[in-house]
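Enquirer:
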Amino acid sequence: MTIIITAFERSPDGGKGLARDTRVRWALEETGQPYEVRLVSIDALKEPAHLALNPFGQIPTYEDGDLALFETGAIVLHIAGRHAGLLPDDANARARAITWMFAALSTIEPPILELANATLLEGDKPWSGERLPLVRDRVRARLGPLSSRLGGADWLDGAFSAGDLMMVSVLLRLKPSGLLGEFPALAAYVGRGEARPAYRRAFEAQRALYATIHREPRP
Ligand SMILES: N[C@@H](CCC(=O)N[C@@H](CS)C(=O)NCC(=O)O)C(=O)O
Numbered sequence: 047m048t049i050i051i052t053a054f055e056r057s058p059d060g061g062k063g064l065a066r067d068t069r070v071r072w073a074l075e076e077t078g079q080p081y082e083v084r085l086v087s088i089d090a091l092k093e094p095a096h097l098a099l100n101p102f103g104q105i106p107t108y109e110d111g112d113l114a115l116f117e118t119g120a121i122v123l124h125i126a127g128r129h130a131g132l133l134p135d136d137a138n139a140r141a142r143a144i145t146w147m148f149a150a151l152s153t154i155e156p157p158i159l160e161l162a163n164a165t166l167l168e169g170d171k172p173w174s175g176e177r178l179p180l181v182r183d184r185v186r187a188r189l190g191p192l193s194s195r196l197g198g199a200d201w202l203d204g205a206f207s208a209g210d211l212m213m214v215s216v217l218l219r220l221k222p223s224g225l226l227g228e229f230p231a232l233a234a235y236v237g238r239g240e241a242r243p244a245y246r247r248a249f250e251a252q253r254a255l256y257a258t259i260h261r262e263p264r265p
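The numbering used here runs 46 ahead of the 1-based position in the sequence shown.
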């Protein structure tokens with residue numbers, strides 16, 4: 047059975063890899079799994095066929111035979127659990143790698159999303175100028191301890207794992223904010239993630255796709 051994931055039909059970021067299908071592509075590349083991509087329009091996200099795959103009408107989804115999953119945390123954990131390359135064999139190290147996945151998604155990502163929303167969706171509101179510094183501080187409050195824990199290590203807990211894949215994916219969304227630059231260890235960590243051949247393949251696959259699609263006239 048071929049694995050099928052869904053992605054946006056047209057890229058909101060023009061192929062910069064910030065949509066969440068990139069992290070699933072990355073996990074599939076790290077573990078050497080071939081996959082196909084089904085593109086979904088913004089309208090089709092909220093139609094019954096896609097809602098059957100993801101009740102919240104979002105991408106990415108993952109289908110493998112009669113298994114259908116949504117939520118990138120669950121998808122990446124499933125891939126990492128089934129195929130070698132993203133989770134250590136030692137049970138305790140494996141549990142710690144999974145802990146970092148949860149930390150990325152439930153402790154680090156929320157303030158980063160809040161910042162993205164404050165900038166992109168609320169930037170024109172009269173109160174935005176007053177609120178933005180507070181939102182940026184909430185991101186800093188997470189990056190400081192994360193940077194301290196990483197210290198001078200390459201990865202969060204020994205060898206590269208699904209925890210790093212998820213953490214780097216989440217931190218990548220900070221690039222436009224300039225905040226990563228305040229934490230050089232984290233900026234270098236993200237750079238190491240981006241330099242991995244599997245990440246390069248995942249990034250390039252979505253970039254090339256949107257480069258073609260965005261040249262075509264809109265239907
Ligand atoms: N927690 C979900 C979030 C999924 C998500 O927000 N997907 C975005 C694209 S990156 C989306 O589909 N947005 C369109 C929408 O919510 O209507 C996950 O990690 O999979």
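A virtual CB, placed ideally from N, CA and C, is assigned to each residue, including glycine.
1. If you measure from the CB of R253, is any heavy atom of ligand 1 nearer than 7 Å?
2. So A208 and A73 are supposed to be a Cβ contact under 8 Å. How far apart are they, rounded?
3. Using the three-state DSSP reduction, which class does I50 fall into: helix, strand or coil?
4. First and last residue of the alpha helix (DSSP H) that includes T77?
5. Quick one: residues in its chain with C-beta nearer than 6 Å to the C-beta of R253, no 5 flanking neighbours on either side, listed in chain order?
6. Rounded to a whole number of angstroms, what is the C-alpha to C-alpha distance between R261 and G198?
7. Got a sec, what are the start and stop residues for the alpha helix (DSSP H) L189 sits in?
8. Express the C-alpha separation of G127 and D170 in angstroms, rounding to a whole number.
9. In angstroms with no decimal places, state the Cα-to-Cα distance between L196 and V83.
10. Any heavy atom of ligand 1 closer than 7 Å to the Cβ of I105?
11. Report yes if the C-beta of R66 is less than 7 Å from at least one heavy atom of ligand 1; otherwise report no.
12. Nearest-angstrom Cα distance between E55 and W173?
13. Can you have a look at R71 and say buried or exposed, based on whether 16 or more other CB atoms are within 10 angstroms of its CB?
14. Report all residues from its chain with a CB closer than 7 Å to the CB of L161; omit the five preceding and five following residues, and keep chain order.
15. Does the beta-carbon of T165, which I'm using as the reference point, lie nearer than 7 Å to any heavy atom of ligand 1?
16. Only counting the same chain, and skipping five residues up and downstream in sequence, which positions put a Cβ closer than 8 Å to that of A130?
Expert: So, to answer that:
1. no
2. 7 Å
3. strand
4. From DSSP, T77 is part of no alpha helix (DSSP H); its letter is neither H nor E.
5. G61
6. 43 Å
7. S174 to L196
8. 44 Å
9. 34 Å
10. yes
11. yes
12. 34 Å
13. buried
14. V181, R182, V185 and S223
15. no
16. T77
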